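If you're matching positions, the sequence shown starts at 44 in my numbering and goes up one per residue. Glycine included, C-beta positions come from ideal geometry on N, C-alpha and C. Values in this document were obtained by computation on a predicted structure and should not be read as measured data.
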Amino acid sequence: TLWSSAEDAKKQVKWGLRQADIVKISDEEIRCFFSLDVESGVRYILEEYKVKLVVVACGVKEFYFCNCNGGGKIDGLSDVNPMVAAYAGDYMWGNIVWKLLQVNISPEALMADEIRDIISFACDSAETALIKCNSRKQD
């Protein structure tokens, strides 16, 4: 296993949160590590760990995001095979980071509509990649 115990895992995750400006976390991880619902967990992470932007993956079908300027929800990917969900999530996160670098605005200065656009771009890119991947398998 990665950690020696559940307590060690929580300790290491909390250490990592203190180092991060941008955090991608799942709804399940918020429940596991903090025993909170998504919105309460995001507020807690922003305030307690001084994170500048939190993106919560609720599977790959919905994302919740928040920074000091506000937050919101956005639909994620539809009809994703569970076998490729982890790949899709990694691909999306890579696109989110790439787009954040492209806009060249600090995460805490982004407005909710800008964050929504970034996540929407990442979802569209991931869906395109999955379509191409699936079409190559059928060839």
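Short of 7 Å in beta carbon distance, which residues of its chain neighbour residue i, apart from the five on each side in sequence? Order them along the chain.
{"i": "F77", "result": "G84 and Y87"}
{"i": "A63", "result": "V94"}
{"i": "V56", "result": "F76"}
{"i": "C109", "result": "V85, L89 and V97"}
{"i": "G113", "result": "A155"}
{"i": "E170", "result": "L120"}
{"i": "I73", "result": "L79, V81, G84 and V99"}
{"i": "C166", "result": "G119, L120 and M135"}
Does DSSP put residue i in a helix, in a strand, or in coil?
{"i": "D182", "result": "Residue placement at D182 cannot be trusted, given a pLDDT of 49 that sits under 50; what the coordinates show is reported in the next sentence. The answer is coil: DSSP assigns D182 none of H, G, I, E or B."}
{"i": "G102", "result": "coil"}
{"i": "Y110", "result": "Going by the sequence as given, residue 110 is Asn instead of Tyr. If DSSP states are grouped into helix, strand and coil, N110 belongs with the strands."}
With residue i and residue j assumed to form a contact (beta carbons below 8 Å), what rounded beta-carbon distance in angstroms separates them?
{"i": "Y92", "j": "C101", "result": "With a Cβ gap of about 20 Å, Y92 and C101 do not count as contacting."}
One question on the structure: do residue i and residue j come within less than 9 Å of each other, judged by their Cβ atoms?
{"i": "K142", "j": "V98", "result": "no"}
{"i": "G188", "j": "V140", "result": "This structure does not reach residue 188, given that the chain is present from 44 up to 182, and the question cannot be answered."}
{"i": "L60", "j": "A52", "result": "no"}
Excluding the 5 residues preceding and the 5 following residue i in the sequence, name in chain order all residues of the same chain whose CB lies nearer than 8 Å to its CB.
{"i": "C111", "result": "L89, K95 and E151"}
{"i": "S149", "result": "K95"}
Can you give me the Cβ contacts of residue i inside the same chain, cut-off strictly under 6 Å, excluding the 5 residues immediately before and after it?
{"i": "F164", "result": "K142"}
{"i": "S69", "result": "A100"}
{"i": "Y134", "result": "A169 and A172"}
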